[in-house]
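A.B. asks: Start counting the sequence shown at 0; every next residue gets the next number (this note's numbering). Dumping the structure here so I can ask a few things about it.
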Amino acid sequence: MSVFWRETCSRAKQFMNRESGNNRRRRKTASSQVHSESLEVRQMLTAVPWENPSQLTSSIVPDGTDVEGQPSTFLSTYSYLGSPTQLRRAIGEVFQAWTSQVNVNIGFVPDGGQPLGIQGQTQGDPRFGDIRIAAVPMSSEVYAFAVPHSGGIAGTWAGDIVFNSTFRPASISQFKSVLMHEVGHILGLSHSPSVTSPMFLHNSPSTPLVPAADDIAKLLQLHGTRIDAQDANKANDTISKASDIRSSSFDGLTPLLQYGDISKTSDVDYFQLNALSDYSGPVTVRLRVHGLSQFQGSLQVVNRNGAVLASKVSTTPGGDAIITFQQAAEQKYYVRIASAPGSGAFGVGRYAVVVTYDRLNKATKWAIESVPQMNVDFLDQAEVSELFLTGKVAQYENDLHLNDSLSTATVLKPSVGYVKGTAYGYEGTISDLTDVDYYVFRSPDRVAAGDVMVVAFEVADYGTLIPKLSVLNSAGQAVPFTILRSGAGRFTVQVSGITAKRDYFLKVQRDPATTRNPTGNYSFRVRFGAYAEEMTDLFRGRLTAAVPRQFHEVEMTQTRLLAISLTPVNAAAASPNVATQLTIFDAAGNEVYRIVSIGGVTRTADTLMLKAGTYFVRFNATTQDGKPLPTIDYRLSAVMLSDDTGPLGTDPTAAPPIDAKLVDVVVISQPTKDPPPTLGNPPKTEDPWLYQPNPYEDWYWFFGVM
């Protein structure tokens, strides 16, 4: 039985579902040309951008990788177009076409073959790339679908591109044409009415394989201009202006680490390497690109007169270059980075310079390979040394309690490369039990109707801080927000009704509801723009001591990828003695999904792919001490993360309605207190206090439920 998937078209308000209302399906004609049926053009919106677009990764999944019950066959399906190396180069060319002018880098990493959508980090999961590429059978009218990022609520689905394995492009150019369109989606673009854009509604083999000017303008707004932190502070394109990659306290026991970016093929970066006192011997300089970008570079070590002492050129896009030379004591050397001759589209990108004094170095080979991929350019050399030796940093930017109030809040500077006031970011730490961090930032000079503020917060290490976040206005009053994600180490919120040229505050503290995990490092990004996510209420209900549980029968008319949040809405649910729970069962009575809220907080879990069919939903609440349950009002909300992907396992030629909405896809029965026969009486997972590990807070916040 073949699977019918629909191509994904992102949008912020229902990301992956009608990003601009321009749902269209790619169809094949007798000549196998790629195009689509004509649909009305509507307002184009964008998805919430990636938190760290300058360091994205990609991987091609191994054949056999599970894609919702179907094994991927990408490599074998498209082997006729080239070897795995050739396919990866073609994919890299598409990435470079989109990213060479904007602050986005995409580097290839290995893929461990875990199922698509498995629980994990939206960006930076060490098991696979942020953008995973696969292929499974789909309807004959479909070529591919993609999952945009949209604030990370799609979990590890974010960025994934799935081809229809029955689609056989006539050439590598036709393959790249489809991929160009999908990569545009995962970077946040919607459809374009322009025939000169790869995002044109009616894609064809003649669609340009370069972005249109309007596409680049939108990406610059989303992700900022391509920047080099070194050049931004002081141009380092000559020996006399070389950036220093040595700190005065450096002892050579760990590598030196410096990031850079070749922003155009004529760019050159120089770094000054001061000799260690009394050291002579081998020094290894690595131009590290693997996993950072597709940059193909040239590495040289020169003296103060510019004479080349050693050189190495990367032979492949995204490949490293390594030089070992003998350093004489008290001599000064320079590292020169440039595009490799003939690198073409791969002549720009992010890189790291890693220098080891080999006789002194104590860092392991694993650390030397792994640390540069951790996106740690905000650390100083002492913190970098700690990371190389121990694998973690004790505390980021300990503020010593100097920003514990509104009046002493840390003033955030706008992120470089973005329209002023639209992007901010910071890395910090909650250092002890009483630490509270305040940050202040200013909204843009212009705010359009419907614009929102999105705050994406992430703990640096699992098992450390469980945070509480508050957004405050200039008067210090709490600003209401919608929780898009809460769990698995991330907290993403959306604020509507923002005002231009106003100060806002972000308050970060440990969660007072638990005494565990009170300290730890974190990072956050604040973005302003037209990125609004709209959650649709699926259920609203009330649980009481007399009716502590309710059941609904749900019919899914199409397969959907969903993000779901459970919110107990009244004061009684806020008691730490009360647990409110959602459980979803399939028609056979097997549990497929669960969310538990303790203390009335909004909770999310992993994204959920529900195939077309019948399901049973149970809501229940219980007290930990056995006292009578107070009245609990609850709300279950969802946002569609996929276009019309179903039905699976049915007639692959039957096209569902193009503009189907979540309320059209989910048919819900009236509530009943009686469980369906297949669930038993009572279902075994009804008491979350018995079913959860102890302590529950740690497990939920860092690892989620399902």
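Every residue gets a Cβ at the ideal spot worked out from N, C-alpha and C, and that includes glycine.
Go ahead and pull the three-state DSSP assignment for Gly-367.
C.D. replies: It is worth fixing the name first, because residue 367 is Ile in this sequence and not Gly. The answer is helix: DSSP assigns Ile-367 an H, G or I state.
A.B. asks: Among Gly-63, Asp-585 and Trp-688, which one has its Cα closest to the Cα of Asn-619?
C.D. replies: Considering only alpha carbons, the answer is Trp-688.
A.B. asks: Answer yes or no: do Thr-155 and Gly-116 have a C-beta to C-beta separation smaller than 7 Å?
C.D. replies: Yes; because the gap between Cβ atoms is below 7 Å, this pair is in contact.
A.B. asks: Pull up the DSSP beta-bridge partners for Tyr-461, would you.
C.D. replies: For Tyr-461, which the question treats as bridged, DSSP gives no partner whatsoever.
A.B. asks: Mapping DSSP to helix, strand and coil, what is Phe-94?
C.D. replies: Phe-94 falls in the helix class under three-state DSSP.
A.B. asks: For Gly-153 and Ile-185, I'd like the C-alpha separation in whole angstroms.
C.D. replies: According to the sequence as given, residue 153 is Ala; it is not Gly. Going by the C-alpha atoms only, they are around 12 Å apart.
A.B. asks: Below 6 Å CB to CB, which residues in the same chain sit around Gln-299 once its five sequence neighbours on both sides are set aside?
C.D. replies: Contacts found: Val-307, Ser-310 and Arg-335.
A.B. asks: Give the C-beta separation of Ala-455 and Phe-523 to the nearest angstrom, bearing in mind that I take them to be a contact with Cβ-Cβ under 8 Å.
C.D. replies: Indeed they touch by this definition, with Cβ atoms about 6 Å apart.
A.B. asks: Could you tell me the alpha carbon to alpha carbon distance between Pro-136 and Thr-389, rounded to whole angstroms?
C.D. replies: Cα-Cα distance, rounded: 45 Å.
A.B. asks: Go through its chain and collect everything with a Cβ distance to Gly-645's Cβ below 6 Å, but skip five positions before and after it.
C.D. replies: In this prediction, Gly-645 scores a pLDDT of 29, lower than 50, which makes its location untrustworthy; the coordinate-derived value is nonetheless stated afterwards. Correct list, in chain order: Gln-557, Thr-558 and Ala-611.
A.B. asks: Give the single residue among Asp-460, Val-470 and Val-418 whose Cα lies nearest to the Cα of Val-446.
C.D. replies: Selected option, being the one with the closest Cα: Val-418.
A.B. asks: Is the beta carbon of Gln-325 closer than 7 Å to that of Gln-435?
C.D. replies: The amino acid occupying residue 435 in the given sequence is Val; Gln does not appear at that position. No, these two residues do not count as a Cβ contact at 7 Å.
A.B. asks: Using 8 Å as the Cβ pair cut-off and three pairs as the minimum, do the stretch 537-555 and the stretch 626-634 touch?
C.D. replies: Output reads yes: the stretch 626-634 touches the stretch 537-555.
A.B. asks: Three-state secondary structure (DSSP) at Ile-130?
C.D. replies: Strand at Ile-130.
A.B. asks: Hey, which unbroken runs of the beta strand (DSSP E) at 3 residues or more fall wholly within the stretch 331-383?
C.D. replies: The qualifying runs are 331-338 and 348-356.
A.B. asks: Between Val-546 and Ile-482, what straight-line distance do the alpha-carbon atoms span, to the nearest angstrom?
C.D. replies: Distance between the alpha carbons of Val-546 and Ile-482: 28 Å.
A.B. asks: Drop a sphere of 10 angstroms on the beta-carbon of Val-354, count the other beta-carbons inside from all chains shown, and report buried for 16 or more, exposed for fewer.
C.D. replies: Buried, since its Cβ has 16 or more Cβ neighbours within 10 Å.
A.B. asks: Can you have a look at Ala-143 and say buried or exposed, based on whether 16 or more other CB atoms are within 10 angstroms of its CB?
C.D. replies: Ala-143 comes out buried.
A.B. asks: Which residues bound the beta strand (DSSP E) around Phe-490?
C.D. replies: Counting along the chain, the beta strand (DSSP E) containing Phe-490 begins and ends at 489-494.
A.B. asks: Does the Cβ-Cβ distance between Gly-158 and Ile-132 come in under 7 Å?
C.D. replies: Against a cut-off of 7 Å, the Cβ pair of Ile-132 and Gly-158 comes out as no contact.
A.B. asks: Does the CB of Glu-554 have a neighbour CB from chain D at under 7 Å?
C.D. replies: No chain D is present in this structure, which holds just one protein chain.
A.B. asks: Since Ala-216 is in the alpha helix (DSSP H), which residue starts that stretch and which ends it?
C.D. replies: It spans 212-222 - the alpha helix (DSSP H) in which Ala-216 sits, taken as one unbroken run.
A.B. asks: Taking a contact to mean a Cβ-Cβ separation below 7 Å, would you say Thr-579 touches Ala-572 in this structure?
C.D. replies: Contact flag set, yes.
A.B. asks: On the DSSP letters alone, give me the boundaries of the alpha helix (DSSP H) that Lys-175 sits inside.
C.D. replies: 171-185 is the extent of the alpha helix (DSSP H) around Lys-175.
A.B. asks: When burial is assigned at 16 or more other CB atoms within 10 Å of the CB, is Thr-84 buried or exposed?
C.D. replies: Exposed, since its Cβ has fewer than 16 Cβ neighbours within 10 Å.
A.B. asks: Considering only residues of the same chain and omitting the five flanking positions on each side of Asp-686, which have a CB-CB separation below 8 Å?
C.D. replies: Contacts found: Thr-621.
A.B. asks: Buried or exposed for Ile-667, please, with buried defined as at least 16 other CB atoms from any protein chain shown within 10 angstroms of its CB.
C.D. replies: It is exposed - the Cβ of Ile-667 has fewer than 16 other Cβ atoms within 10 Å.
A.B. asks: Would you say Pro-710 and Phe-345 are within 7 Å of each other, going by their C-beta atoms?
C.D. replies: Nothing about residue 710 can be read from this structure; the chain reaches only from 0 to 705.
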